[in-house]
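Protein sequences appear in the order of chains A and B. Its first residue numbered 11, the first sequence is counted upward by one per residue in my numbering. Its first residue numbered 1454, the second sequence is counted upward by one per residue in my numbering. Glycine residues also receive a C-beta, built at the ideal position from the N, C-alpha and C atoms.
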Amino acid sequence: MPDLKVNIAGVKWKNPITVCSGTFSARDSGDFYDIDRLGAIVTKGVSAEPWEGNPTPRIAETYGGMLNSVGLQNLGADRFCKEELPYLKQFDCPVIVNVAGKSIDEYCRAVEKLSATEADMLEINISCPNIKEGGLSFGTDPVTAARLIRELRRITNKPMIIKLSPNVTDITEIARAAEGEGADGISLINTLLGMRIDVRTKKPVLAMGMGGLSGPAIKPVAVQMIYRVRKAVRIPIIGMGGVMTGEDAAELMLAGADAVAVGTAGLVDPAAPVRILEEFEKYMKEQGFKSIEDFKYYRDF
Amino acid sequence: MKEVFCTKVLKNELIAKGIYSMILEYHEEIACRIIPGQFVNLYLNRKDLLLPRPLSICRVLTESINIVYRISGSGTKELSCYLPGALIRVSSPLGNGFDLSICEKDVKPKASIVGGGIGVPPLLELTHRLVGMGVSVQAVLGFQDEPYLYEEFQKAGAAVRLATDSGKTGFRGTVMDLIKDETSVQEAEERFLGEICFACGPSPMLSALSGHCIKTGTLLQVSLEERMGCGFGACVGCVCKIKTSDGAILKKVCKDGPVFPGNEVVFDA
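Printed below as a string of structure tokens:
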């Protein structure tokens, strides 16, 4: 049996398979599989105050993918800490709380509240394409990103993962800026900005017009970006983007990820995260891998 | 626990223009727990069409379920091509169905069913259950042009009134036109829609019906439709506004619904 254990920014995970923020809900996904089997769980975006999210339709299908413009609908940090976090902490895996904001001040207030909780790690979303002026602007400019991360580093000792956007010219610049300001890890990629127009109604399919593209269609983009970021920074990488099978997860690990998150697959096959974990373990056995460290030996391309 | 399992298409045939009726093999022990108004996710055998198609359950049969669907895009078109014997993945029953507790009382209420277009199929299993409980059912079914399934409602024991936009069959106009027409001539004590009404159909119809039922004092339960992602609550793609004492909150159509009390739904203008 290969040893699947990983250490991500000082936190021990029993295996490297987790879920992508926004595609997982313990109360709902837990109807289909045993959450305890996951390496870690990741919440939907939590902001300082409650957010209503965007109007519907929020979902559109695309070839080999989907667009969403949910817009980070959430209860706000106070209610999250009271109502959701205790429920999530009962599972036998680290809880990563994803944090969203529209300004440095908003991010800071959310992180401050979450720092005083039992959250095991924070994932700072600076890459959501679905919020006006929010999130994404911090994820596309290395200077702005650095300023935000510097402020957050001051107020939290929790392991802090920065979630990066692929909607940039050079993702390694932002990754370096994050590492330079003391981020403990990088997660990538968030969704790619996309759009669909219904040729019968002649109107955009999503109420917001544009949304974030995810699913197997974007996997090569994720592999490429993980590969480049791996060469740019030393901190751990949680890779994500179109992982549908255990072999896809292995591909992201070979590109440079230390852990892999399953997103859209968990929406189109509710039990996908545990299926992918099983397939991933099978791949390691087939390849004669003894531990996750073995992936590193093959990264000299 | 809920699951997604592989099952067999037993029948898949055109029953009206653009409308198909599919019978799927289904685990008996799950089928017997289906509540009318629930739906299943159907997962297509195509890698490029990722999202499940959430389709309402029209009838629960012996070791099978009947789904009646309209071709409205590439997914349902694909579905219509599956021949008997084809294998397809299907989910456990999802969502909350109609609340029939009021009909379990000794004094049975008079109930009505109001369906518009592709909102008609999920009301058939409900009609069977209601009639089986000894409830008298008035069904008002509306279609654009060609009615379908209405004979099944008659066979189930409901009194059926038809409305078609084209006037081809039954009343010419919408179900709401028909209901308002009837209500104006009926005596107050024998209210046309009865004490409780169950409805599924286009949003403007449900919105108008909700206003009407508040006036006539009829309890209303509506089954909503919204574009879904996962269909089981994780993605929060399909939300609707539900009134609360201090405003409104967003609820998930797939997991908190699709059936909601008619007077609590905030319909978009």
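Item, Value
"Contacts around Asp1709 of chain B, its chain only, beta-carbon distance under 6 Å, and the 5 residues preceding and following it disregarded", "none"
"CA-to-CA distance, Ser1554 of chain B to Glu1642 of chain B, given in whole angstroms", "Summary for Glu1642 of chain B: the model assigns pLDDT 47, below 50, so the residue's position carries little reliability; its value from the coordinates is reported in the next sentence. Going by the C-alpha atoms only, they are around 23 Å apart."
"Residues that DSSP places opposite Phe1624 of chain B in a beta bridge", "B:Ala1616"
"Neighbourhood of Tyr73 of chain A by C-beta, 7 Å cutoff - its chain only, sequence neighbours within 5 removed", "Ala227"
"Closest Cα partner of Leu1503 of chain B within the set B:Leu1673, B:Met1681 and B:Ala1661", "B:Met1681"
"Sheet register partners of Tyr1522 of chain B (DSSP bridge)", "B:Tyr1473"
"Interface positions of the region 1678–1692 of chain B facing chain A (Cβ-Cβ less than 9 Å), listed along the chain", "Glu1679, Arg1680, Met1681, Gly1682, Cys1683, Gly1684, Phe1685, Gly1686, Ala1687, Cys1688, Val1689, Gly1690, Cys1691 and Val1692"
"Helix, strand or coil at Asp239 of chain A [DSSP, three-state]", "First, the residue type needs correcting, since residue 239 of chain A is Val and not Asp in the sequence shown. Three-state result, Val239 of chain A: helix."
"Chain B contacts made by the region 261–283 of chain A, where a contact means CB separation under 8 Å", "Thr274, Gly276, Leu277, Val278, Asp279, Pro280 and Ala281"
"Alpha helix (DSSP H) runs contained entirely in the region 114–157 of chain A, provided each spans 4 or more residues", "114–125 and 146–150"
"Inter-residue spacing [alpha-carbon to alpha-carbon] between Met1586 of chain B and Phe1645 of chain B", "20 Å"
"Neighbourhood of Gly1471 of chain B by C-beta, 6 Å cutoff - its chain only, sequence neighbours within 5 removed", "Arg1523 and Ile1524"
"Rounded distance between the beta-carbons of Ser1663 of chain B and Val1718 of chain B, thought under 8 Å", "7 Å"
"The region 240–247 of chain A touching the region 50–57 of chain A, judged by at least three CB pairs closer than 8 Å", "no"
"Residue burial classification, Phe1685 of chain B (beta-carbon count within 10 angstroms, cutoff 16)", "buried"
"Burial state of Cys1534 of chain B, where buried means 16 or more other Cβ atoms lie within 10 Å", "exposed"
"Span separating the alpha-carbon of Ser197 of chain A from that of Ala282 of chain A", "20 Å"
"Residue burial classification, Pro1726 of chain B (beta-carbon count within 10 angstroms, cutoff 16)", "This structure cannot settle anything about residue 1726 of chain B, because the visible part of chain B is limited to 1454 through 1722."
"DSSP three-state assignment for Glu1642 of chain B, whether helix, strand or coil", "Summary for Glu1642 of chain B: the model assigns pLDDT 47, below 50, so the residue's position carries little reliability; its value from the coordinates is reported in the next sentence. Helix at Glu1642 of chain B."
"Any chain A beta carbon closer than 9 Å to Met1454 of chain B", "yes"
"Under 8 Å by beta carbon: chain B residues contacting Arg119 of chain A", "What Arg119 of chain A touches in chain B: nothing, since even the nearest Cβ is about 23 Å away."
"Neighbouring residues, chain A, relative to Val1675 of chain B (Cβ below 7 Å)", "Those within 7 Å of Val1675 of chain B in chain A number zero; the least Cβ separation is about 16 Å."
"9 Å Cβ cutoff met for Ile171 of chain A and Gly195 of chain A", "yes"
"Same chain, Cβ closer than 6 Å to Asn1549 of chain B, neighbours up to 5 away in sequence not counted", "Val1712"
"Straight-line gap, Glu1482 of chain B to Asn108 of chain A (C-alpha atoms, nearest Å)", "39 Å"
"Contacts of Phe42 of chain A in chain B (Cβ-Cβ under 8 Å)", "Met1454, Lys1455, Glu1456, Val1457 and Phe1685"
"Closer than 8 Å at the beta carbon, the chain A residues around Lys1470 of chain B", "What Lys1470 of chain B touches in chain A: nothing, since even the nearest Cβ is about 17 Å away."
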